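Visitor: I have a structure I would like to understand better, so I am pasting it below and will then ask my questions one at a time.
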Amino acid sequence: MSREEAVMGTAIRVELWHENAALGESAMGAVIEEMHRIDRAMSPFKPDSELSRLNREAARAPVPVSRELFELIERSVEFSELSGGAFDVTFASVGCMFDYRAGIRPADDKIASALPGIDYRHVRLDHARRAIGFAHDKVQIDLGGIAKGHAVDSCIALLRARGVRQALVMAGGDSRVLGDKRGRPWMIGIRDPRNKDAMAARIPLVDAAISTSGDYERYFDEDGVRYHHIIDPKTGMSATGVRSVTIIGPDATTTEGISKSVFIKGPEQGIRFVESLPEIDAVVIDDRGNMHTTRGLRRESTAMHEG
14 MSREEAVMGT AIRVELWHEN AALGESAMGA VIEEMHRIDR AMSPFKPDSE LSRLNREAAR
74 APVPVSRELF ELIERSVEFS ELSGGAFDVT FASVGCMFDY RAGIRPADDK IASALPGIDY
134 RHVRLDHARR AIGFAHDKVQ IDLGGIAKGH AVDSCIALLR ARGVRQALVM AGGDSRVLGD
194 KRGRPWMIGI RDPRNKDAMA ARIPLVDAAI STSGDYERYF DEDGVRYHHI IDPKTGMSAT
254 GVRSVTIIGP DATTTEGISK SVFIKGPEQG IRFVESLPEI DAVVIDDRGN MHTTRGLRRE
314 STAMHEG
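So the number in this note's numbering is just where the residue sits in the sequence shown, counting from 1, plus 13.
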């Protein structure tokens, strides 16, 4: 059985198998409600969300927050350190000035003025008080690079606790599968970044997560340049050189965070970065449409063809 709904500004899908239809329906309802709960807490667009309150107040004084938000921001800072700052949860200090629907980008002087706010080291974590402060008055946090992955993981844990053994939870480009699909792997498609109706590849998954970040999700084109939502923390502008990045790993919080890091780093440096990490693989489609993959996927692909 399956259900779809729009939450967090994206398409949410849950698909599962259960011997009891009523329990299966109840489990799917719990997944949708969990997505809404996380959206209410972590949306930067909802003025009454916990994240919005943090953005308003943390530059003045540390703000006590829930354990869930504290741990997710702590994880974000860890990704920033791991990626050498390619992933940066403070990208919204500039990113919030872009309006992709209206095709509006900030003027260069506005970007230059706000750019000093982008630096994950401005985020001060007080573990004793479980509070977060900002060391710069222009800092804005947006969890768009990690919150959907966190929500997917939370929903998988919820399904597992209800006794579900085989399921898929998807939030936009972030998916995680529980078990297999009735004896076969789940097949997750990587879309062609320039043709929404075509697949660039299909990846078989069992008990794993996969995240794709693309320059086609939220964007506008102007004078031959694509302005999209994946912001390079060094420049405050949309990252270039890549059309999409897909990361396969054990959990969706990790795969989403790493997908943004690799997008910023670019194909060659990004692939080297992923190959330095345990249990992670990548597919990168560059700005010419060429596909780059990690050694682990190349070995797997060769074994499948030989089999």
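C-beta atoms are modelled at their ideal positions from N, C-alpha and C, and glycine is treated no differently. All values derive from a computational prediction rather than experimental measurement.
1. Among residues of its own chain, excluding the 5 on either side of Gln153, which ones have a beta-carbon nearer than 6 angstroms to its beta-carbon?
2. Which residues bound the alpha helix (DSSP H) around His305?
3. Roughly how many angstroms separate the alpha carbons of Ser56 and Phe83, rounded to a whole number?
4. Measuring straight from C-alpha to C-alpha, what distance separates Leu310 and Ala74?
5. Quick test of your reading: Cys168 and Val182, contact by CB under 8 angstroms. State the CB separation rounded to the nearest angstrom.
6. Confirm, please, whether the CB-CB distance from Ile131 to Asp101 is below 7 angstroms.
7. Determine the burial state of Ser79: buried for a count of at least 16 other Cβ atoms within 10 Å of its Cβ, exposed for fewer.
8. Determine which residues share a DSSP beta bridge with Met212 and list them.
9. Tell me which residue opens and which closes the alpha helix (DSSP H) that Glu230 is part of.
10. Can you check whether the CB of Ser257 is closer than 7 angstroms to the CB of Thr306?
11. State the Cα-Cα distance for the pair Glu32 and Val219, rounded to the nearest angstrom.
12. Give the DSSP-derived three-state secondary structure of Gly320 in the structure shown.
13. Look up Ser383 in the DSSP assignment and say whether it is helix, strand or coil.
14. Between the Cα of Asp299 and the Cα atoms of Phe276, Leu290, Ser289, which residue gives the shortest distance?
15. Tell me, which residues are paired with Ala24 by DSSP?
16. Where does Ala125 fall in DSSP's three states?
17. Report the three-state DSSP secondary structure of Ala54 (helix, strand or coil).
18. Return the Cβ separation of Pro129 and Lys151 in integer angstroms, given the expectation that the two are a contact with Cβ distance under 8 angstroms.
19. Would the region 133-148 and the region 187-205 be scored as touching if the rule is three or more Cβ pairs under 8 angstroms?
20. Do Thr268 and Ile260 have their CB atoms nearer than 7 angstroms?
21. State the beta-bridge partners of Val76 as determined by DSSP.
22. Taking Ser15 as the reference, give the member of Ala24, Leu29, Gly22 with the closest Cα.
23. Tell me whether Ser272 sits in a helix, a strand or coil according to DSSP, three-state version.
24. Please list, in chain order, all residues of the same chain as Ser93 whose beta carbon is under 7 angstroms from its beta carbon, the five residues on each side excluded.
25. With 16 other CB atoms within 10 Å as the buried threshold, where does Asp245 fall?
26. Which same chain residues end up closer than 8 angstroms to Tyr232 when comparing Cβ atoms and leaving out the 5 residues on each side of it in sequence?
27. Could you please give the first and the last residue of the uninterrupted alpha helix (DSSP H) stretch that includes Ser251?
28. What are the boundary residues of the alpha helix (DSSP H) that includes His163?
29. What do you get for Asp117, buried or exposed, if any count of 16 or more other CB atoms within 10 angstroms of its CB means buried?
Guide: According to the data block:
1. Asn68, Ala105, Ser106, Cys109
2. Taken as a continuous stretch (DSSP letters only), His305 belongs to no alpha helix (DSSP H), being part of the beta strand (DSSP E) at 304-306.
3. 15 angstroms
4. 47 angstroms
5. 5 angstroms
6. yes
7. exposed
8. Arg204
9. From DSSP, Glu230 is part of no alpha helix (DSSP H); its letter is neither H nor E.
10. no
11. 20 angstroms
12. Unreliable positioning characterises Gly320 in this predicted model, as indicated by a pLDDT of 42, which lies under 50. A coordinate reading is not provided.
13. Nothing about residue 383 can be reported from this structure: the residues present for the chain run from 14 to 320 only.
14. Phe276
15. Ala19
16. helix
17. helix
18. 6 angstroms
19. no
20. yes
21. Ile145
22. Leu29
23. helix
24. Phe100, Asp101, Val102, Tyr133
25. buried
26. Tyr113, Arg239, Tyr240, His241, His242, Ser251
27. It is not in any alpha helix (DSSP H) - Ser251 carries neither H nor E in the DSSP assignment.
28. 160-174
29. The sequence as given places Ile at residue 117; Asp does not occur at that position. Exposed, since its Cβ has fewer than 16 Cβ neighbours within 10 Å.
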